[in-house]
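A.B. asks: Numbering (my numbering), first residue to last: -6 to 139. One structure coming up, written as structure tokens, with questions to follow.
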């Protein structure tokens, strides 16, 4: 019986300490750090104390302020539209290629225009999503400015 309670008790104590650690950092700024390793660079978001934030922690922080939560939702909406456009573009391209295979005398121009239009719309959606995500972080950080 004691062997079943002991691991649960340890996990409970660990969860208490980890939740307090995250709560202690809820009102700190979110900073963007570029980490270079060889030929490639990675972007990491940190607090002003140097703690590296996970995607879930960033989202929790952004949702804690109403204005940044609205911008985060706009970013998510643009990401969703980007995924929908990608699926629609790829499926339309596949359908058109099957039609071209079945009818070799058909014109291939509609396929190229549909694919190009879809790629342009995906690019615009991606840019807009990134813009709103950066704006959400800026709005969150401005919340702490006097």
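Ideal placement from N, C-alpha and C gives every residue a C-beta, glycine not left out.
Mapping the DSSP letters down to three states, classify residue 21 as helix, strand or coil.
C.D. replies: Position 28 of the chain shown, counting from 1, holds the residue named residue 21. DSSP places residue 21 in coil when its eight states are reduced to three.
A.B. asks: In this structure, does DSSP put residue 104 in helix, strand or coil?
C.D. replies: Locating residue 104 in the chain shown gives position 111, where the first residue counts as 1. Of the three classes helix, strand and coil, the one that applies to residue 104 here is helix, per DSSP.
A.B. asks: Just to confirm before moving on: does the CB-CB distance between residue 48 and residue 125 stay below 8 Å?
C.D. replies: Your numbering for residue 48 matches position 55 in the chain shown. Your numbering for residue 125 matches position 132 in the chain shown. Contact flag unset, no.
A.B. asks: With C-beta atoms as the reference, is residue 129 less than 8 Å away from residue 61?
C.D. replies: Indexing the chain shown from 1 puts residue 129 at position 136. Indexing the chain shown from 1 puts residue 61 at position 68. Contact flag set, yes.
A.B. asks: Decide if residue 118 is buried, meaning its Cβ has at least 16 other Cβ atoms within 10 Å, or exposed.
C.D. replies: Within the chain shown, residue 118 is the residue found at index 125, counting from 1. With 16 or more other Cβ atoms within 10 Å, it is buried.
A.B. asks: Taking the alpha-carbon positions, what's the residue 92 to residue 81 distance?
C.D. replies: Position 99 of the chain shown, counted from the first residue, corresponds to residue 92. Position 88 of the chain shown, counted from the first residue, corresponds to residue 81. Cα to Cα, the separation comes out at about 16 Å.
A.B. asks: Assuming residue 64 contacts residue 122 under a Cβ cut-off of 8 Å, what Cβ separation, rounded to an integer in Å, is found between them?
C.D. replies: Locating residue 64 in the chain shown gives position 71, where the first residue counts as 1. Locating residue 122 in the chain shown gives position 129, where the first residue counts as 1. Between residue 122 and residue 64 the Cβ distance is about 11 Å, and since that is not below 8 Å, they are no contact.
A.B. asks: For a minimum of 4 consecutive residues, which ranges assigned as the alpha helix (DSSP H) are wholly contained in the region 31 to 97?
C.D. replies: Within the region 31 to 97, the complete alpha helix (DSSP H) runs of at least 4 residues are 48 to 56, 59 to 95.
A.B. asks: Can you tell which of 115, 23, 22, 26 has the C-alpha that lies nearest to the C-alpha of residue 70?
C.D. replies: Locating residue 70 in the chain shown gives position 77, counting from the first residue. Closest by alpha carbon: 115.
A.B. asks: Once DSSP output is grouped into helix, strand and coil, what is the label at residue 121?
C.D. replies: Start at 1 with the first residue of the chain shown, and residue 121 comes out as number 128. Helix at residue 121.
A.B. asks: Relative to the C-alpha of residue 39, which residue among 24, 88, 32, 105 is closest?
C.D. replies: Within the chain shown, residue 39 is the residue found at index 46, counting from 1. Of the listed residues, the one whose Cα sits closest to residue 39 is 24.
A.B. asks: What does a CB cutoff of less than 7 Å around residue 134 pick up in its chain, not counting 5 residues either side in sequence?
C.D. replies: Here residue 134 is taken as the residue at index 141 of the chain shown, counted from 1. The residues are 22, 23.
A.B. asks: On the DSSP bridge assignment, give the partners of residue 113 in chain order.
C.D. replies: As a working mapping, residue 113 is identified with position 120 in the chain shown. Residue 113 pairs with nothing; no bridge assigned.
A.B. asks: Are the CB atoms of residue 104 and residue 86 within a distance shorter than 8 Å?
C.D. replies: Translated into the one-based positions of the chain shown, residue 86 becomes position 93. Translated into the one-based positions of the chain shown, residue 104 becomes position 111. Going by C-beta atoms, residue 86 is nearer than 8 Å to residue 104.
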